[in-house]
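Trainee: Starting off with a structure, shown below.
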Amino acid sequence: MNERMHPAMEPHMSLAHSEHHEWLRKQRQQLLDFYQPEVCREEGGMAWLSESGEPIASKGAQLWLGARMIHVFALAHLNGRQGAAEVVEHGLDFYCGGPGSDREYGGWFPVVGGDSPEDQKELYGIAHMLLAGSSATVAGFTRGPELMDEALRVIDSHFWQESEGRCVEAYDRQFSVLDSYRGQNANMHLTEAYIAAYEATGNKTLLDRATSIARFIAGRAVLDTESPAPWRLPEHFTPDWEPIPDYNRDDPRHPFRPYGTQVGHWLEWSKLCMQLWGLEVDEAWLLPTAETLFHHAVAEGWHADGGFSYTLDWDGNPVVPERYFWPPAEAIGAAKLLHDATGDQKYLDWYQRFWEFVNNRLTDHDRGGWYHEIGADGTPARHTWEGKPDLYHAYQATLYAEVPTGYGLATCLRDEPTGNRGQV
């Protein structure tokens, strides 16, 4: 592994420095070179890739992953990547009335093929499909609005609860039996998707919904005056939205619903609050919430030798020793936006530190992509994530430095196509 920092990441480097943008461009190219050749399954949908970049057939075509790939390759298409449009169209073939669509009951199948087919309709995958449709729309794909509109229809018809200002979690295939579980993770990704859909359509109701979810889940970091540590955001809730602090205590490495509080989600919410703030949402808690969540994430979750704890218990102690790939990616976005808003050097210092960890510990410089999980000894681990399925967090991390406050990734690439990014 490369233990030396690239010159474009030396201390006090400007986020606008052309060397840094060139370095980021190369990171994007490396990522796309790993995923693009094999991500399209011959049977349709997107493949789950191994550590060496080969499809793992037993995983099938998973909705959340397929949606993320449509989103990322729509961004890559806007960024000039050759062949990216074909990947997007492949995904649209599968999910716009194709085998990934449930033409009998509506929405999409969570998994098609593989060893563990499922038919439960979960908000998590559908929220990502809204993100995919929004980005494909901004990128000019003719079926982008169809995908976006269907996702909004499904969410409006089954998930959104106007009286609560957020969404329920899951149904059976027929949308007849509602799961009692309520979760922040899917609602967090819906917040991101609503922001993207607002930017694609100008429909302010979508922005208002994103703000409502953010206020309830993330805003408690500063609005809750009774909890001794309100920044330790609950992940799991009852049907009445009361936290369940012991949920999945016996499954602390669960990839989507682990026990405890997830530091990476504090950082993801910090970033999302700053995106809402940049869109001039008139909520005084947004900037303080973003700063509070960031501050406590690095204070409680960052290890001296690099990387964030996956989860903490309710006293702030690490639960899982492995460090995962996605929290540093979200931290990069939060640090960049907070630096833009405040001018505080500490955010730029952290931005550089996060990239140093990514470059030295997470990036597979030999085969491509990022390791999804590393152990406390710094070597790749495979307790939770098999292979390297996910491009979304890593690719977005390479774009944040180039996006002005008030822009989403897709709208920035559409409206400022030349800039410093270069073609990849």
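Here our numbering is used: the first residue of the sequence shown is 26, the next is one more, and so on. Glycine included, each C-beta is placed from N, C-alpha and C at the ideal position.
How would you call Phe281, buried or exposed, if buried means at least 16 neighbouring beta carbons within 10 angstroms?
Mentor: Counting from one through the sequence shown, the residue named residue 281 turns up at place 256. Phe281 is exposed by the Cβ-count criterion.
Trainee: For Phe94, which beta-bridge partners are listed by DSSP?
Mentor: Against the sequence shown, residue 94 aligns to sequence position 69. The sequence as given places Met at residue 94; Phe does not occur at that position. BP columns for Met94 are empty, so no partner.
Trainee: Buried or exposed for His390, please, with buried defined as at least 16 other CB atoms from any protein chain shown within 10 angstroms of its CB.
Mentor: Residue numbering aside, residue 390 sits at position 365 when the sequence shown is read from its first letter. Burial call: exposed.
Trainee: Between which two residues does the alpha helix (DSSP H) containing Phe119 stretch?
Mentor: In the sequence shown, counting from the first residue as 1, residue 119 sits at position 94. Run containing Phe119: Ala109 to Tyr120, per the alpha helix (DSSP H) assignment.
Trainee: Whole angstroms is fine: what's the gap from Lys51's alpha carbon to Asp275's?
Mentor: Here residue 51 corresponds to residue number 26 of the sequence shown, with the count starting at 1. Here residue 275 corresponds to residue number 250 of the sequence shown, with the count starting at 1. Taking the straight line from one Cα to the other gives about 41 Å.
Trainee: So what does Thr430 bridge to, in DSSP terms?
Mentor: Locating residue 430 in the sequence shown gives position 405, counting from the first residue. Bridge partners of Thr430: none, in fact.
Trainee: Rounded to whole angstroms, what's the CA-CA distance from Ala235 to His328? Just pull it up for me.
Mentor: Within the sequence shown, the letter at position 210 stands for residue 235. Within the sequence shown, the letter at position 303 stands for residue 328. In a straight line, the C-alpha of Ala235 is about 32 Å away from that of His328.
Trainee: In terms of alpha-carbon separation, which member of Thr286, Ser126, Leu56 and Gly132 lies closest to Leu148?
Mentor: Within the sequence shown, residue 148 is the residue found at index 123, counting from 1. Ranking Thr286, Ser126, Leu56 and Gly132 by Cα distance to Leu148 puts Gly132 first.
Trainee: Evaluate Pro142 with the Cβ neighbour count: other Cβ atoms within 10 Å of its Cβ, from every protein chain shown; 16 or more gives buried, anything less gives exposed.
Mentor: What you label residue 142 is simply residue 117 of the sequence shown in a count that begins at 1. Exposed: under 16 other Cβ atoms inside 10 Å.
Trainee: Which ranges would you report for the alpha helix (DSSP H) in the region 136–165 if only whole runs of at least 4 residues count?
Mentor: Runs of the alpha helix (DSSP H) inside the region 136–165: 148–163.
Trainee: Using CA atoms only, rank isn't needed, just tell me which of Leu232, Asp144, Leu231 and Asp140 is closest to Arg128.
Mentor: Sequence index remark: in the sequence shown, residue 128 carries index 103 (1-based). Nearest of Leu232, Asp144, Leu231 and Asp140 to Arg128, Cα basis: Asp144.
Trainee: For the alpha helix (DSSP H) containing Glu175, name the first residue and the last one.
Mentor: Along the sequence shown, read from residue 1 onward, the residue named residue 175 stands at position 150. Per DSSP, Glu175 belongs to the alpha helix (DSSP H) from Gly169 to Val179.
Trainee: Where Trp266 and Asp340 are concerned, what is the direct C-alpha to C-alpha distance, given to the nearest angstrom?
Mentor: Within the sequence shown, numbered from 1, the residue matching residue 266 stands at position 241. Within the sequence shown, numbered from 1, the residue matching residue 340 stands at position 315. Trp266 and Asp340: Cα-Cα distance of roughly 22 Å.
Trainee: How would you write the range of the alpha helix (DSSP H) that Gly285 sits in, first residue to last?
Mentor: Residue mapping note: residue 285 aligns to position 260 of the sequence shown, counting from 1. Taken as a continuous stretch (DSSP letters only), Gly285 belongs to no alpha helix (DSSP H), as it is neither H nor E.
Trainee: Run the CB neighbour count on Leu248, radius 10 Å, all protein chains shown included, and call it buried at 16 or more, exposed below.
Mentor: What you label residue 248 is simply residue 223 of the sequence shown in a count that begins at 1. Under this definition Leu248 is an exposed residue.
Trainee: Could you give the first and the last residue of the continuous alpha helix (DSSP H) run that contains Tyr372?
Mentor: Position 347 of the sequence shown, counted from the first residue, corresponds to residue 372. Element bounds for Tyr372: Gln370 to Phe382.
Trainee: Could you check if Ser334 is buried or exposed, using at least 16 other CB atoms within 10 Å of its CB as the buried criterion?
Mentor: Taking the first residue of the sequence shown as 1, we reach residue 334 at position 309. Buried, because 16 or more other Cβ atoms sit within 10 Å of the Cβ of Ser334.
Trainee: Check the DSSP bridge columns for Ser126 and list the partner residues they point to.
Mentor: Here residue 126 corresponds to residue number 101 of the sequence shown, with the count starting at 1. Bridge partners of Ser126: Trp133.
Trainee: Give the DSSP bridge partners of Met71, in chain order.
Mentor: Counting from 1 along the sequence shown, the entry for residue 71 is found at position 46. DSSP, once it has assigned bridges, lists Cys65 as partnering Met71.
Trainee: What residue from Leu100, Gly85, Glu79 and Leu74 has the CA that sits closest to Thr423's CA?
Mentor: If you number the sequence shown from 1, residue 423 lands on position 398. Closest option to Thr423, Cα to Cα, is Leu100.
Trainee: Excluding five sequence neighbours on each side, which residues of the same chain lie with their C-beta closer than 6 Å to the C-beta of Gln209?
Mentor: Sequence index remark: in the sequence shown, residue 209 carries index 184 (1-based). Closer than 6 Å at Cβ, skipping near neighbours: Ile242 and Glu260.
Trainee: From Phe200 to Arg407, what does the alpha carbon distance come to, in whole angstroms?
Mentor: Stepping through the sequence shown from its first residue, residue 200 is reached at position 175. Stepping through the sequence shown from its first residue, residue 407 is reached at position 382. Roughly 34 Å separates the two Cα atoms.
Trainee: DSSP beta-bridge partners for Ala195?
Mentor: For the purposes of this step, residue 195 is taken as residue 170 along the sequence shown, with counting starting at 1. According to DSSP, Ala195 bridges with Glu147.
Trainee: Would you grab the beta carbon distance between Lys361 and Ala426 for me? Rounded to a whole angstrom, and I think it's under 8 Å.
Mentor: Within the sequence shown, the letter at position 336 stands for residue 361. Within the sequence shown, the letter at position 401 stands for residue 426. So it is a contact: roughly 6 Å between Cβ atoms.
Trainee: Taking only the alpha-carbon atoms, compute the straight-line gap between His320 and Gln370 and give it to the nearest angstrom.
Mentor: Numbered from 1 along the sequence shown, position 295 holds the residue referred to as residue 320. Numbered from 1 along the sequence shown, position 345 holds the residue referred to as residue 370. Approximately 14 Å, taken between the alpha carbons.
Trainee: Determine the closest residue to Leu215 out of Leu297, Val136 and Glu63, with distance taken between C-alpha atoms.
Mentor: On the sequence shown, position 190 is the one that residue 215 refers to. Closest by alpha carbon: Leu297.
Trainee: Leaving out five residues on either side along the sequence, give the residues of the same chain with a beta carbon under 6 Å from the beta carbon of Trp410.
Mentor: Locating residue 410 in the sequence shown gives position 385, counting from the first residue. For Trp410, where only same-chain residues beyond five positions count, the Cβ hits under 6 Å are His397 and Glu398.
Trainee: Just how far apart, CA to CA, sit Leu117 and Ile95?
Mentor: As a first step, residue 117 is located in the sequence shown; it is residue number 92 there, counting from the start. As a first step, residue 95 is located in the sequence shown; it is residue number 70 there, counting from the start. Between Leu117 and Ile95, the C-alpha separation is close to 8 Å.
Trainee: For the alpha helix (DSSP H) containing Pro353, list its first residue and its last residue.
Mentor: Numbered from its first residue, the sequence shown carries residue 353 at position 328. Note, Pro353: alpha helix (DSSP H), Trp351 to Thr367.
Trainee: Looking at Ser83: is its Cβ nearer than 7 Å to the Cβ of Gly139?
Mentor: Position 58 of the sequence shown, counting from 1, holds the residue named residue 83. Position 114 of the sequence shown, counting from 1, holds the residue named residue 139. Contact flag set, yes.
Trainee: In whole angstroms, what is the alpha-carbon distance linking Gln377 and Val112?
Mentor: Locating residue 377 in the sequence shown gives position 352, counting from the first residue. Locating residue 112 in the sequence shown gives position 87, counting from the first residue. So the two alpha carbons sit approximately 32 Å from each other.
Trainee: Measure from the alpha carbon of Glu67 to the alpha carbon of each residue in Ser252, Asn228, Ala86 and His46, then state which is nearest.
Mentor: Position 42 of the sequence shown holds residue 67. Cα-wise, what sits closest to Glu67 is Ala86.
Trainee: If you draw a straight line from the C-alpha of Phe401 to the C-alpha of Val344, how long is it?
Mentor: By 1-based counting over the sequence shown, the position of residue 401 is 376. By 1-based counting over the sequence shown, the position of residue 344 is 319. The amino acid occupying residue 401 in the given sequence is Ala; Phe does not appear at that position. Whole-angstrom Cα-Cα distance: 12 Å.
Trainee: Could you check if Pro353 is buried or exposed, using at least 16 other CB atoms within 10 Å of its CB as the buried criterion?
Mentor: Counted from its first residue, the sequence shown places residue 353 at position 328. Buried, since its Cβ has 16 or more Cβ neighbours within 10 Å.
Trainee: What are the residues that DSSP puts in a beta bridge with Thr388?
Mentor: Position 363 of the sequence shown, counting from 1, holds the residue named residue 388. Paired residues: Trp395.
Trainee: Give me the DSSP bridge partner(s) of His2.
Mentor: There is simply no residue 2 to check, as the chain begins at 26 and stops at 449 in what is shown.
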